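Trainee: Position in the sequence shown counted from 1, then plus 1, gives you my numbering.
By construction, the Cβ of each residue, glycine as well, lies at the ideal position given by its N, Cα and C atoms.
Only a predicted model underlies this, so the values are computations on that prediction, with no experimental measurement involved.
Sharing a structure here in structure tokens format.
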Amino acid sequence: MTFTRIDPLLPDAVDPGEGERLRARTPEGREVTAVVYRARHDGWSALWHPRVVWELTPVSPGIGAAGMAALLTALRHLLRHERPGPDSACSVTWPSRDLDAAGALAAHGYAPYSVLAVRDAARETDAVGPPGVPERTSGIEVRPVEGGVDAVDAVDAGGAVDAVVTDLVALWLAERRYAVAVGAAVARDDAPALVERELRRAISAGDPMWMAEAEGVLAGLALCRWPSAGTRLPSGTWAQLHTVSVAPGARGRGIGRALVSAAHERLLARGARGTYVFYSPHNALSSVFWHRLGYRPLWTTWEVRPAAGAR
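Pasting the structure below:
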């Protein structure tokens, strides 16, 4: 069985990566295997993950509910020797459409943490949303954030870009506070410094980036990346909408749609087959927003925090 039997947009197979091989047997005696990788998150990645995460990746897509349950039980036994602390988790990333496996994960204490959703441009005719939604809303201006070494030199020299960075960091941190509140991110004391560092890196690298202004006031940011999400995406070139932030007081005016429209237009013109995002299913704003713009779930990451809470 291949992953495409679960979802036609999935790749045929996924490399489970490096880690410890884990074997288990279902009640009827069928053997199932997985790879367990102990990931350590520091710096930037720690803003989104607990410090230590045991990542379970089943090798076969056809394990079913019984196979997934057997592997989760085996992982729980393995962790008895690890003594995970409070800043830890167990995680499983699995096709969103496999409802049998989802039932087994929920029964063992796992909950959906994040979703990798894709928008295949070949399957979409509208780049913004439902018919009749304008690409630009009155009073809103979307323009690219100029990047590259020259822009960073301007920042270091205390030029106009420096003020833009300060405003963009504040906007991004406001979005992060909401993400922490709904469990999509982890509260860290060094978040402001890490967000500023990442934003400066993105400007220096010339990552695709847009900002939106409403009546001349900064109201939104869209930051994109080109690398793909490993082997979990369909064939072709995919671009990531890494973060889309809209100021709390400016929501509901179409600013997010305008930013995403600008990103879609530019990224597809540069050869992307489609775009993908990570969003939290517990975020009442993003879970509706991305679906309306043509994105659909492909992979769901299930987690139990702390790791010792796995059943």
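Given a cut-off of 8 angstroms on the beta-carbon distance, is the pair L169 and P209 in contact?
Mentor: no
Trainee: For G104, which residues in the same chain have their Cβ closer than 7 angstroms to its Cβ, ignoring the five residues on either side in sequence?
Mentor: A66
Trainee: Could you tell me which residues DSSP puts in a beta bridge with Y280?
Mentor: V116
Trainee: Determine the contact status of L73 and W55, defining contact as a CB-CB distance below 8 angstroms.
Mentor: no
Trainee: Can you give the Cα-Cα distance for Y38 and A259, rounded to whole angstroms?
Mentor: 40 angstroms
Trainee: Are the Cβ atoms of A308 and S89 separated by less than 8 angstroms?
Mentor: yes
Trainee: Which partner residues does I141 have in the DSSP bridge list?
Mentor: Beta-bridge analysis with DSSP links I141 to A215.
Trainee: Leaving aside the five residues before and after R26 along the sequence, list all residues of the same chain whose C-beta is less than 8 angstroms from its C-beta, in chain order.
Mentor: E32, V33 and A71
Trainee: Tell me the residue span of the alpha helix (DSSP H) that contains R258.
Mentor: I256 to A270
Trainee: Who are the Cβ neighbours of I141 in its own chain at under 8 angstroms, not counting the five residues just before and after it?
Mentor: Apart from sequence neighbours up to five positions away, the residues of its chain that approach I141 with a beta-carbon distance below 8 angstroms are A213, E214, A215, A220, R254, G255, I256 and A259, ordered along the chain.
Trainee: What span of residues does the alpha helix (DSSP H) with S320 cover, start to end?
Mentor: Beyond the ends of the chain as shown, which are 2 and 312, falls residue 320; an answer cannot be given.
Trainee: Please name the residue in A40, G44, A47 and W45 whose C-alpha comes closest to that of L57.
Mentor: A40
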